[in-house]
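Notes follow the structure.
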Amino acid sequence: MTILTASDAHIRQAADSLRNGGLVAFPTETVYGLGANACDEHAVANIYAAKNRPQFNPLISHYASSEAVFADIDSNPTARMLASHFWPGPMTLVLDRPTDCQISTLASAGQNSVAVRVPAHRIALKLLSACGFPVVAPSANPSGKISPSCAEHVARAMADKIDIILDGGWCERGLESTVIDCRDEDHIMLLRPGPVTKSEIEAIIERPVILPAHDSNMPASPGQLASHYAPDARLIMDVTTPPDGAVYISFGVAKTDNPLNLSLSETGNLHEAAANLFNCLHQADATGCDLIAVSPIPQTGLGRAINDRLKRAAAPR
Ligand code: TXA
Ligand code: MG
């Protein structure tokens, strides 16, 4: 594995590696993705193996533009409207899988749908343009573990599994894309909360977005299993007074003299907290502690997506 700065020459090298079936980690505005050529069944199979990801959990195909997406995948006016507002950006659309689809069937994990996204990141877009084919990219972490928000996180967890890491510094958003099932225009469903919030979507489509009925054994989005984003330490939420020995992850000004204190955002800013979340979890774990205690996060706007990740990080394994 080599870590490369994202020069134009290195981006071309990374695109060639993907074209030849390699696995390349690259930055997006949400988290680092572990990329493979979406049209190469063998490379897609290698992604599942590298992440130790269950075969029933489908992958997102990344494209350089909305035009490229809709040239491949049929859609409806609602999907096009959402795409025109939020792409490039941290939103993934689940659409019907065309019969003549070039995306590997493994990437759909046996479902009759495909998930697609155009990321808002200079390096990711350059890479996707250089490829000219869609690139599947799950978050570049072992399945169930904490997502990566910098190249170092990827290298630590996945070094022996991948060919190249393109280093693009920190991910600006820090939380994975919002996943929206757009197949039925009368039932637009939020499968995974993320940086594009439910109310932002509703403001565009002018009708309510449906939340899937909660059943952690049979989630509407197969990746939304109860335990996910798990640090090695146990994690507890909504803590105002951390127990002795715990690493405390606070939001706003921490009213504690706990010596092991990390802050998501001292000013109580949800955007900053989202961007820092996975790094704080990585840092807390690196101390070798047994317990991570996190202060309450308001359940509004981006707070929903943060609490979603924390709830899964806290879930029994
Ligand atoms: O921000 C992101 O989306 C990042 C970056 C790298 O783009 N990628 C990412 O991929 O988070 P991953 O594989 O970690 O999460 C993809 C989520 C999973 O919850 C998966 O179940 C869901 O999208 N998904 C993918 N294809 C789907 C489909 N056809 N139907 C329903 N859910 C799908
Ligand atoms: Mg993931």
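Start counting the sequence shown at -16; every next residue gets the next number (the working numbering). We put the CB at the ideal spot given by N, CA and C, even for glycine.
CA nearest to the CA of residue i, picked from the options
{"i": "P10", "options": "V162, D150, D167", "result": "D150"}
{"i": "P73", "options": "Y46, D83, A51", "result": "Y46"}
{"i": "V277", "options": "R(-5), A229, I187", "result": "A229"}
{"i": "M172", "options": "T250, H254, L76", "result": "L76"}
{"i": "P41", "options": "A33, R287, V119", "result": "V119"}
{"i": "S112", "options": "A209, D(-1), G157", "result": "D(-1)"}
{"i": "P242", "options": "I232, S248, T250, G251", "result": "I232"}
{"i": "N124", "options": "D55, L293, A32", "result": "A32"}
{"i": "R63", "options": "S210, R166, C84", "result": "R166"}
Under the three-state DSSP convention, the category residue i falls into
{"i": "Y212", "result": "coil"}
{"i": "N20", "result": "strand"}
{"i": "A298", "result": "coil"}
{"i": "K128", "result": "strand"}
{"i": "A134", "result": "helix"}
{"i": "S96", "result": "strand"}
{"i": "R287", "result": "helix"}
{"i": "S199", "result": "Reliability fails at S199, whose pLDDT of 49 lies under 50, so the model's placement of it is uncertain and the value that follows must be treated cautiously. DSSP places S199 in coil when its eight states are reduced to three."}
{"i": "C272", "result": "coil"}
{"i": "A90", "result": "helix"}
{"i": "R(-5)", "result": "helix"}
{"i": "I280", "result": "coil"}
{"i": "D143", "result": "helix"}
{"i": "V101", "result": "coil"}
{"i": "L218", "result": "strand"}
{"i": "V236", "result": "coil"}
{"i": "C154", "result": "coil"}
{"i": "V319", "result": "With the chain represented from -16 up to 300, any question about residue 319 goes unanswered, as that position is not in the structure."}
{"i": "E255", "result": "helix"}
{"i": "F261", "result": "helix"}
Buried or exposed (CB count within 10 angstroms, at least 16 for buried), residue i
{"i": "H265", "result": "buried"}
{"i": "N35", "result": "exposed"}
{"i": "E12", "result": "buried"}
{"i": "W153", "result": "exposed"}
{"i": "R300", "result": "exposed"}
{"i": "F39", "result": "exposed"}
{"i": "E159", "result": "buried"}
{"i": "V7", "result": "buried"}
{"i": "T224", "result": "exposed"}
{"i": "S199", "result": "The predicted model places S199 with a pLDDT of 49, which falls under 50 and marks its position as unreliable, so this point remains unresolved."}
{"i": "D23", "result": "buried"}
{"i": "T161", "result": "buried"}
{"i": "H136", "result": "buried"}
{"i": "A142", "result": "exposed"}
{"i": "G271", "result": "exposed"}
{"i": "P226", "result": "exposed"}
{"i": "T283", "result": "exposed"}
Residue(s) in a DSSP beta bridge with residue i
{"i": "I148", "result": "I(-14), A8"}
{"i": "N244", "result": "Y231"}
{"i": "I193", "result": "M172"}
{"i": "I163", "result": "L76, L173"}
{"i": "V119", "result": "A19, S44"}
Residue i beta carbon near the ligand NAD (any heavy atom closer than 6 Å)
{"i": "V162", "result": "Questions concerning the ligand NAD fall outside what the structure shown contains, since the ligands it does hold are the ligand TXA and the ligand MG."}
Any C-beta of chain D under 7 Å from that of residue i
{"i": "A21", "result": "Among the protein chains of the structure shown there is no chain D, as only one such chain exists."}
Practice problem: Go through the region 41 to 79 residue by residue and report every complete run of the alpha helix (DSSP H) that reaches 4 residues or more, in order. | Solution: 49 to 55, 60 to 69
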